[in-house]
Amino acid sequence: MVGEALIRPSSKTADSLAVHWMVRPGIIKVVEVLEKDKDNDASIGNILEVKNEIYNSIDELLARYISPRNERIEE
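Per the working numbering, the sequence shown starts with residue 163, numbered consecutively.
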């Protein structure tokens with residue numbers, strides 16, 4: 163659905179995630195998230211970085227990065 167995001171491991175590096183965000187029907191933007199301070203290779207980083215902006219959890223990333231963009235699109 164429009165505005166939703168799917169987060170999965172990135173195919174680029176082991177230390178990154180890919181957020182697939184549906185901007186509108188048929189348009190999906192992929193946002194690369196750099197993971198830092200990982201406990202192990204199978205864990206999610208304790209620090210997530212997108213374009214020099216730091217997030218401490220996936221929930222925070224969705225709330226501060228994806229949600230405001232969804233609100234702008236709705237306007």
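Ideal placement from N, C-alpha and C gives every residue a C-beta, glycine not left out.
Check	Outcome
What span of residues does the beta strand (DSSP E) with Ile190 cover, start to end?	Ile189 to Lys198
According to DSSP, is Ser178 part of a helix, a strand, or is it coil?	strand
Reducing DSSP to helix, strand and coil, say where Ala225 ends up.	helix
Buried or exposed, going by whether 16 or more other CB atoms sit within 10 Å of the CB of Val195?	buried
For Val185 and Arg226, what's the separation of their Cα atoms in angstroms?	16 Å
Give the straight-line distance between the Cα atoms of Glu237 and Asp199, rounded to the nearest whole angstrom.	37 Å
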